[in-house]
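Enquirer:
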Amino acid sequence: MSMADFQPRHFRWAMRGRVAIVTLDRPEKKNPLTFESYAELRDCFRALVGADDVRALVLTGAGGNFCSGGDVMEIIGPLLDKDMRGLLAFTRMTGDLVKAIRACPQPVIAAIDGVCVGAGAILAMASDLRLATPSASTAFLFARVGLAGCDMGACAILPRIIGQSRASELLYTGRFMTAEEGERWGFFSRIVAPEQVLSQAQLLAQQITEGPTFANTMTKRMLAMEWAMSVEEAIEAEAIAQALCMTTTDFARAFEAFSNKVKPAFRGN
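Going by numbering that gives the first Met the number 0, the sequence shown opens with residue 0, and the numbers climb by one from there.
(1) Excluding five sequence neighbours on each side, which residues of the same chain lie with their C-beta closer than 7 Å to the C-beta of Ala233?
(2) Where do the N-terminal and C-terminal ends of the beta strand (DSSP E) with Ile20 fall, by residue?
(3) From the DSSP output, read off the bridge partner residues of Cys66.
(4) Taking C-beta to C-beta, are Arg129 and Ser188 nearer than 8 Å?
(5) Counting only the same chain and skipping the five closest in sequence on each side, list residues whose C-beta sits under 7 Å from that of Ile121.
(6) Return the first residue and the last residue of the beta strand (DSSP E) that Trp12 is part of.
(7) Based on Cα-Cα distance, which residue from Ile239, Met83 and Cys115 lies nearest to Pro26?
(8) Output the boundary residues of the beta strand (DSSP E) element that contains Val57.
(9) Measure the C-alpha to C-alpha separation of Glu108 and Val57 and round it to an integer number of angstroms.
(10) By DSSP, does Val191 sit in helix, in strand, or in coil?
(11) Thinking C-beta only, is Gly185 closer than 8 Å to Ile161?
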């Protein structure tokens, strides 16, 4: 399946070679999410499972901010009128977006500038890699609006990125994590200048697309699956996964290139 002609209604989509760029595009409100954009993003990431023309994806926001979370008037207000069934349908739908980001085979790189809060912080957290500008300001604000920190997988994923104590502090207090803290704690891979964050994310994505696609997909899958495994189970699972990678033509191409002292040209098979 090709994503070349994909035309979403609630965010911008662009292709740069085999790199897809998703841009949250409501800059006048710092790119908040709505019921519709949640669902369309979920469907987009689900569709990537069969998208042979996309090998990596960059997620970013327009206008100097990443995402201000759920739109207060368009989401939070209407939620007050829903019954338990409606509320659970919403929370499961938002959780499905995180599942879809983690389940798509392509590595997802978040390029973060400015505000990155609430559901926006969750989108960053669910991505595989995160680059930030010095002004990136990240907060899991749920406690500030009377909700638990256990939103969209935060209590499972965030401690694995920055540690249990630091995650607990952010989730209990809803305080902002600075870019410097985020890099020091391992939430951000690195901090780059605002005018470079998107280009650096695209460059990183391009470097990934030049690698062995099947093997990269396997790496992402095993990073997720091994959370629930013992070390012994993980070693056995990795033995099987790596043996599968050894059956690919890209593995043979790498050996041939090494023998000829040239850079391998991977083709994804």
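Where is the CB? At the ideal position from N, CA and C, for every residue including glycine.
Expert: To lay it out plainly:
(1) Glu225
(2) Val18 to Leu23
(3) Cys115
(4) yes
(5) Val97, Asp150, Met151 and Ala153
(6) Arg11 to Arg15
(7) Cys115
(8) Ala55 to Gly60
(9) According to the sequence as given, residue 108 is Ile; it is not Glu. Ile108 and Val57: Cα-Cα distance of roughly 5 Å.
(10) coil
(11) yes
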